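Asker: Here it is, the structure, as structure tokens.
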Amino acid sequence: MPRPHARLSAHSLFCLLTVVRAAGAFRLVSPWGRRYPHSTRPIATATPTFVSASKARDFTIQIPDVSLPDEPLRHVRVLDTGLPSSNPGTASVPPPLVLIGGTAQTIASWVGHIHGLSRKRRLIVYETRGQGRTTDLDLSDASLAVHVEDFCRVHAALKIEGPVDLCGFSFGGRVSLGVAALHPGLVRRLVLTGVPAERDAVGRLIIKSWRAALDRGMLQEFVWNSMLHCHGAAFLSKYESKIPEWVAFVESANTVAGLRAMVARSHTSDVEDPYHTLQLAPRVEAPTLLLGALDDKVATALEIKRLAEAGRRGWPVHFFPGAGHNCVFEAAVLWREEVLAFLDAEEGKGGRV
């Protein structure tokens, strides 16, 4: 049975809406022309609710925990919009779109994108092992291999028929890459944002600083660190007064244990590791789009280009100027347009697929 979880506090909701407004306010000119409106409607967390015209339910499912003996059932938090009312179940409806967020992101992080991304399709967002405070999968093994298997079980538990379109950001992008490489039948098209072939010295040091903070149980320091390293200078300057509120929101939405497990086990610099991005990329069969930011210190443009070259026949790549690693929200409207244009393009047309 779906299990509802605790309601957002008034302070957390205020911080969330502040983040959403900021993300939608930082706009760049889109080469695709049309802008998709963003929603600032909060998702109630105590009972299934509606977001705009989509039947968005925020609930938990149970899946077998592959990291434990006998695979006991554990809970995973999910947001599922269902099919939009304007698109009844016909052959023209695109496959579901599944979003997997970055390390400290939760379902609430995506509230500004839900309306725009679910206009024509079913949208699913879930909180992975280690994310948030509701998913209770065991943290003894939070490796990419386990996260990939978790995705397969979420796919099965939601009774999704056929492949999905898969969109992952940062950590979620590496999980998505693993799913597409190892379970090609589950993915029609793939969008990766902020996923490098490798990390340069600055990127490696940033990851080390995250591990150091989490190893000492310093969740707030980790969030401050990631906030400063994952956003561009222009964005930080514009929203300087809001940063403390955002830090408090992210801190309240996550746990030290969960983030420590993710950061410790989901990164590898060993290019021979079968779950290294350069090992996974050549195995992906699905059409793939890479997105990144020119001012990204965690996943540099050079390394994202290298990953694009490692894909079969090369993958198209697009960069957002003036944004940092978290371009998903700094360039929210343009990012969404790029994603939708790629997913909606006819096979072999538009130069994207």
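Mature numbering (1 follows the signal peptide of the UniProt record, and there is no 0) puts the sequence shown at residues -25 to -1, 1 to 328.
The beta carbon of each residue, even a glycine, is placed where N, CA and C say it ideally should be.
From a predicted model like this one, the values you see are computed outputs, not experimental measurements.
Do P171 and E313 have their CB atoms nearer than 9 Å?
Answerer: To locate residue 171, count along the sequence shown from 1; it is residue 196. To locate residue 313, count along the sequence shown from 1; it is residue 338. Against a cut-off of 9 Å, the Cβ pair of E313 and P171 comes out as no contact.
Asker: Quick one: give me the first and last residue of the alpha helix (DSSP H) that T263 is part of.
Answerer: The sequence position of residue 263 within the sequence shown is 288, counting from 1. Careful: T263 lies outside any alpha helix (DSSP H), inside the beta strand (DSSP E) at T263 to A268.
Asker: For F1, count the other beta carbons within 10 Å of its own beta carbon; 16 or more makes it buried, fewer makes it exposed. Which is it?
Answerer: If you number the sequence shown from 1, residue 1 lands on position 26. Per-residue confidence for F1 stands at a pLDDT of 30, beneath the threshold of 50, marking its modelled position as unreliable; the derived number appears in the next sentence. When all chains shown are included, F1 counts as buried.
Asker: Distance, Cα to Cα, residue 340 vs S67?
Answerer: Since the first and last residues shown for the chain are -25 and 328, residue 340 lies out of range.
Asker: Is it the case that the Cβ atoms of G76 and G178 are separated by a distance below 9 Å?
Answerer: Taking the sequence shown and counting its residues from 1, the one referred to as residue 76 is at position 101. Taking the sequence shown and counting its residues from 1, the one referred to as residue 178 is at position 203. Going by C-beta atoms, G76 is not nearer than 9 Å to G178.
Asker: Ignoring anything shorter than 3 residues, give me the beta strand (DSSP E) runs that lie fully in the segment 76 to 162, in order along the chain.
Answerer: Taking only runs of at least 3 residues, the beta strand (DSSP E) segments lying wholly in the segment 76 to 162 are 98 to 101 and 139 to 144.
Asker: How many Å lie between L203 and A188 at the Cα?
Answerer: Counted from its first residue, the sequence shown places residue 203 at position 228. Counted from its first residue, the sequence shown places residue 188 at position 213. Their Cα atoms are separated by approximately 14 Å.
Asker: Give me the Cα-Cα distance between F295 and A285, rounded to the nearest whole angstrom.
Answerer: Residue numbering aside, residue 295 sits at position 320 when the sequence shown is read from its first letter. Residue numbering aside, residue 285 sits at position 310 when the sequence shown is read from its first letter. Approximately 21 Å between the Cα atoms of the pair.
Asker: Leaving aside the five residues before and after V123 along the sequence, list all residues of the same chain whose C-beta is less than 7 Å from its C-beta, in chain order.
Answerer: Taking the first residue of the sequence shown as position 1, residue 123 is located at position 148. Around V123: V150, G153, V154 and L157.
Asker: So R32 is in the beta strand (DSSP E); what residue range does that whole segment cover?
Answerer: Residue 32 sits at position 57 when you count from the first residue of the sequence shown. R32 to P39 is the span of the beta strand (DSSP E), which, as asked, contains R32.
Asker: Pick out whichever of F126, D40, S84 and G137 has its Cα sitting closest to the Cα of E226.
Answerer: Translated into the one-based positions of the sequence shown, residue 226 becomes position 251. Taking only the C-alpha atoms, the option nearest E226 is S84.
Asker: Report the option in R52, G107, E102 and P44 whose CA atom is closest to the CA atom of A232.
Answerer: Counting from 1 along the sequence shown, the entry for residue 232 is found at position 257. For the residues R52, G107, E102 and P44, the minimum Cα distance to A232 belongs to G107.
Asker: Which partner residues of F294 appear in the DSSP bridge assignment?
Answerer: The residue labelled residue 294 in the question sits at position 319 within the sequence shown. DSSP lists G267 as partners of F294.
Asker: What is the C-beta distance between P70 and P138, in whole angstroms, given that I count them as a contact (C-beta under 8 Å)?
Answerer: Your numbering for residue 70 matches position 95 in the sequence shown. Your numbering for residue 138 matches position 163 in the sequence shown. So it is a contact: roughly 6 Å between Cβ atoms.
Asker: Ordered along the chain, which non-local residues of its own chain (more than five positions away) have a Cβ less than 6 Å from that of L112?
Answerer: As a first step, residue 112 is located in the sequence shown; it is residue number 137 there, counting from the start. Once the five neighbours on either side are set aside, the close Cβ partners of L112 are D40, R49 and R104.
Asker: When the Cα of D271 is compared with those of R258, L141, T168 and A31, which residue comes out closest?
Answerer: In the sequence shown, the residue the question calls residue 271 occupies position 296. The shortest C-alpha separation from D271 is found at T168.
Asker: Is D190 helix, strand or coil by DSSP?
Answerer: As a first step, residue 190 is located in the sequence shown; it is residue number 215 there, counting from the start. The answer is helix: DSSP assigns D190 an H, G or I state.
Asker: Tell me the DSSP secondary structure of V259 in three-state form.
Answerer: Position 284 of the sequence shown, counting from 1, holds the residue named residue 259. Of the three classes helix, strand and coil, the one that applies to V259 here is coil, per DSSP.
Asker: Taking only three categories from DSSP, how would you classify R235?
Answerer: Counting from one through the sequence shown, the residue named residue 235 turns up at place 260. Helix.
Asker: What do you reckon, is the C-beta of I75 under 8 Å from a heavy atom of the ligand SAM?
Answerer: Absent from the structure shown: the ligand SAM. Ligands present: none.
Asker: Considering only residues of the same chain and omitting the five flanking positions on each side of R258, which have a CB-CB separation below 7 Å?
Answerer: Indexing the sequence shown from 1 puts residue 258 at position 283. Counting only Cβ-Cβ distances below 7 Å, and skipping sequence neighbours, we find A156.
Asker: Could you tell me the distance, in whole angstroms, from the CA atom of S118 to the CA atom of R235?
Answerer: Counted from its first residue, the sequence shown places residue 118 at position 143. Counted from its first residue, the sequence shown places residue 235 at position 260. Going by the C-alpha atoms only, they are around 12 Å apart.
Asker: Please report the distance separating the alpha-carbon of L114 from that of V86.
Answerer: Within the sequence shown, the letter at position 139 stands for residue 114. Within the sequence shown, the letter at position 111 stands for residue 86. For L114 and V86, the distance between alpha carbons rounds to 26 Å.
Asker: Could you tell me whether the Cβ atoms of V292 and R174 are closer together than 9 Å?
Answerer: Against the sequence shown, residue 292 aligns to sequence position 317. Against the sequence shown, residue 174 aligns to sequence position 199. Result no, Cβ atoms of V292 and R174 do not sit closer than 9 Å.
Asker: Would a C-beta distance cut-off of 9 Å place V121 and S212 closer than the cut-off?
Answerer: What you label residue 121 is simply residue 146 of the sequence shown in a count that begins at 1. What you label residue 212 is simply residue 237 of the sequence shown in a count that begins at 1. No.
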